[in-house]
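> Under the numbering used here, the first residue of the sequence shown is numbered 3, with each subsequent residue one higher.
Just so it is clear, CB atoms sit at the ideal spot from N, CA and C, and this is done for glycine as well.
From a predicted model like this one, the values you see are computed outputs, not experimental measurements.
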Amino acid sequence: MYIDSKLLFFRTLTPVHIGAGRGTKEHVDLPIQRDEFDFPTIWSSSLKGGFRGSYTRLTARTKNSDDEKMMEVVFGPSPERGYEFSSSINFLDARLLFIPVRSLRKIWTYVTSPHLINYLITYLIGLNRESYVDKILKLLNETKIPTVSRKDLFVKNNSLVLNEIEVKGCTVNQELTNIFKQVLPKEIVDNLSRRGIVLVDDDLVFELVRRSLVIQFRIRIKHEVKVVESGSLWSEEYIPQGTIFVSGIICKPHMNVNGHVEVSGKEVLDWFKNKLSSFNYTIWLGGKETIGKGLLKVYLHD
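In structure tokens, the structure reads:
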């Protein structure tokens with residue numbers, strides 16, 4: 003069976019709220035989705051639902067019968083016909099790779115850690131791109147942490163301040179950016195190069211990520227008197243603008259009832275890419291779309 007796959011990267015263009023439902027955390031009423039290690043994530047079910055919704059709206063506008071057929075092939079039939087066949091595209095969970103942090107120099111920079119980079123390594127291996135893995139592992143094994151890609155982030159004496167936390171004893175390693183040139187889309191690499199990368203240990207990155215997340219308080223007012231309705235104050239959590247996630251898609255052939263290939267994995271991937279270009283490679287995910295939240299840039303990469 004011939005299967006096609008691509009790495010999928012996301013860069014948030016506006017703050018994003020991919021909700022996890024009513025929260026149990028004390029600090030926020032409506033939290034974002036988190037993975038098993040409590041890092042921000044976008045579960046594959048949310049990705050698939052977001053793409054399916056956008057593609058459905060596009061297909062409804064074009065009224066193209068071929069596109070309507072491909073919608074079912076790619077994303078699967080409606081729930082009442084779900085027993086007939088499964089979708090030909092598989093989405094991987096979008097895992098956090100880089101997140102913007104406030105910096106006392108240059109306003110902000112990107113931070114990552116060995117744990118976050120291991121999300122990328124896992125997908126490189128899973129999607130048969132092992133040739134890049136050894137170079138990344140070598141960098142992690144040979145680099146003294148913390149390290150930065152740009153020395154102009156230093157405040158003094160090889161220290162920097164990130165999200166109001168002083169990080170001391172940093173080294174400079176320009177390979178930190180170069181190592182990702184073969185793996186990440188050029189636009190993302192250029193952005194990382196401009197803003198800089200700070201590689202910190204896994205203990206520190208957890209606190210830096212927590213401090214980078216945005217919590218916005220919302221109210222509902224009585225319009226006739228312009229006062230807050232009773233009980234109508236709540237808080238929402240957002241992933242900040244500029245955050246970078248790594249994911250992937252796997253495209254499988256669509257078989258007919260006789261087991262013959264009707265649509266190849268490559269055709270599935272080509273159709274998906276073609277329609278994505280109709281959105282200029284941007285997509286809305288999560289809630290609060292009408293107030294400008296949830297816009298992401300999508301990158302398909304080999």
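1. By DSSP's criteria, Y301 is part of a beta bridge. Which residues make up the other side?
2. Does DSSP classify N180 as helix, strand or coil?
3. Per DSSP, what kind of secondary structure is R197 in: helix, strand or coil?
4. To which residues of the same chain is W110 closer than 6 Å at the C-beta, ignoring the five residues directly before and after it?
5. Inspect the beta-carbon positions of K146 and T173 and report whether they are closer than 7 Å.
6. Please classify T43 as buried or exposed, where buried requires at least 16 neighbouring CB atoms within 10 angstroms.
7. Keeping to the same chain, check which residues put their C-beta closer than 7 Å to that of L60; ignore five residues upstream and five downstream.
8. Identify the continuous alpha helix (DSSP H) that holds G52 and give its terminal residues.
9. Only counting the same chain, and skipping five residues up and downstream in sequence, which positions put a Cβ closer than 8 Å to that of K121?
10. Using alpha carbons as the reference points, say which of G55, K299, S115 and Q176 lies closest to S195.
11. Applying the 10 Å Cβ sphere with the 16-neighbour rule, what's the burial state of D304?
12. With DSSP as the reference, label V2 as helix, strand or coil.
13. Can you tell which of Q243, F219, I251 and E226 has the C-alpha that lies nearest to the C-alpha of W236?
14. Kindly indicate the opening and closing residues of the alpha helix (DSSP H) around N92.
15. State the CB to CB distance for the pair C375 and I91, rounded to an integer number of angstroms; the pair is presumed to be in contact (CB under 8 Å).
16. Rounding to the nearest angstrom, what Cα-Cα distance links I138 and I123 in this structure?
17. Go through its chain and collect everything with a Cβ distance to K275's Cβ below 7 Å, but skip five positions before and after it.
18. Mind checking whether T2 and L201 have CB atoms under 7 Å apart?
19. Kindly indicate which three-state DSSP category D6 falls into: helix, strand or coil?
20. How would you label K295, buried or exposed, when you count the other beta carbons within 10 angstroms and need 16 or more for buried?
21. Give me the Cα-Cα distance between R107 and F156, rounded to the nearest whole angstrom.
22. Go ahead and pull the three-state DSSP assignment for R131.
23. Label R83 either buried or exposed according to how many other C-beta atoms from any shown protein chain fall within 10 Å of its C-beta, with 16 as the threshold for buried.
24. Find the nearest neighbour of D37 within the set H117, S266, G52 and F53, judged by alpha-carbon distance.
25. Assuming S151 and G198 form a contact by the criterion Cβ under 8 Å, report the distance between their Cβ atoms to the nearest whole angstrom.
26. To test your reading of the DSSP string, which unbroken alpha helix (DSSP H) runs of 4 or more residues are found completely within the segment 262-301?
27. If you draw a straight line from the alpha carbon of D136 to that of E144, how long is it in whole angstroms?
28. Within 10 angstroms of the Cβ of S214, are there 16 or more other Cβ atoms? Answer buried if so, exposed if not.
29. Using the beta-carbon count (16 or more within 10 Å), is G23 buried or exposed?
Looking at the atomic coordinates:
1. On the sequence shown, position 299 is the one that residue 301 refers to. Answer is F11.
2. Within the sequence shown, numbered from 1, the residue matching residue 180 stands at position 178. Collapsing the DSSP output to three states places N180 in a helix.
3. Here residue 197 is taken as the residue at index 195 of the sequence shown, counted from 1. In the structure shown, R197 sits in a helix (DSSP, three-state: H, G or I).
4. As a position in the sequence shown, residue 110 is number 108, starting the count at 1. Correct list, in chain order: P102 and R104.
5. Working through the sequence shown from its first residue, we reach residue 146 at position 144. Working through the sequence shown from its first residue, we reach residue 173 at position 171. Closer than 7 Å, so yes.
6. Position 41 of the sequence shown, counting from 1, holds the residue named residue 43. So T43 ends up on the buried side.
7. Your numbering for residue 60 matches position 58 in the sequence shown. In chain order, K277 and S280 place their CB closer than 7 Å to the CB of L60, counting only its own chain and leaving out the 5 sequence neighbours on each side.
8. Along the sequence shown, one-based indexing puts residue 52 at 50. Where G52 is concerned, the enclosing alpha helix (DSSP H) starts and stops at S46 to T64.
9. Here the question's residue 121 lines up with position 119 in the sequence shown. A small fix is needed here, since residue 121 is Tyr in this sequence, not Lys. Correct list, in chain order: R97, L98, L99 and V248.
10. As a first step, residue 195 must be located in the sequence shown, where it is residue number 193. With respect to the C-alpha of S195, the residue from G55, K299, S115 and Q176 having the closest C-alpha is Q176.
11. Locating residue 304 in the sequence shown gives position 302, counting from the first residue. Classification for D304: exposed.
12. What is shown of the chain runs 3 to 304, which leaves residue 2 out entirely.
13. Along the sequence shown, one-based indexing puts residue 236 at 234. It is F219 whose Cα lies nearest to the Cα of W236.
14. One-based indexing of the sequence shown puts residue 92 at position 90. For N92, there is no enclosing alpha helix (DSSP H); the residue is found in the beta strand (DSSP E) stretching over I91 to F93.
15. The chain is shown from 3 up to 304; residue 375 falls before or after that span and cannot be answered.
16. The residue given as residue 138 occupies position 136 in the sequence shown. The residue given as residue 123 occupies position 121 in the sequence shown. Spanning the two alpha carbons is a distance of roughly 8 Å.
17. Reading the sequence shown from its first residue, position 273 is the one you call residue 275. L302.
18. Here the chain comprises residues numbered 3 to 304, so residue 2 is not present and cannot be evaluated.
19. Position 4 of the sequence shown holds residue 6. Of the three classes helix, strand and coil, the one that applies to D6 here is strand, per DSSP.
20. Taking the sequence shown and counting its residues from 1, the one referred to as residue 295 is at position 293. Label assigned to K295: buried.
21. By 1-based counting over the sequence shown, the position of residue 107 is 105. By 1-based counting over the sequence shown, the position of residue 156 is 154. For R107 and F156, the distance between alpha carbons rounds to 7 Å.
22. Reading the sequence shown from its first residue, position 129 is the one you call residue 131. DSSP places R131 in coil when its eight states are reduced to three.
23. Residue numbering aside, residue 83 sits at position 81 when the sequence shown is read from its first letter. The residue is exposed, with fewer than 16 neighbouring Cβ atoms inside 10 Å.
24. Indexing the sequence shown from 1 puts residue 37 at position 35. Comparing Cα-Cα distances from D37 to each of H117, S266, G52 and F53, the minimum goes to H117.
25. In the sequence shown, the residue the question calls residue 151 occupies position 149. In the sequence shown, the residue the question calls residue 198 occupies position 196. About 5 Å; that satisfies the 8 Å criterion.
26. List check, alpha helix (DSSP H) in window: 267-280.
27. Walking along the sequence shown from the start, residue 136 turns up at place 134. Walking along the sequence shown from the start, residue 144 turns up at place 142. Near 12 Å, if we compare the C-alpha coordinates of E144 and D136.
28. Along the sequence shown, read from residue 1 onward, the residue named residue 214 stands at position 212. Burial call: buried.
29. Taking the first residue of the sequence shown as 1, we reach residue 23 at position 21. Residue environment for G23: exposed (fewer than 16 other C-beta atoms within 10 angstroms of its C-beta).
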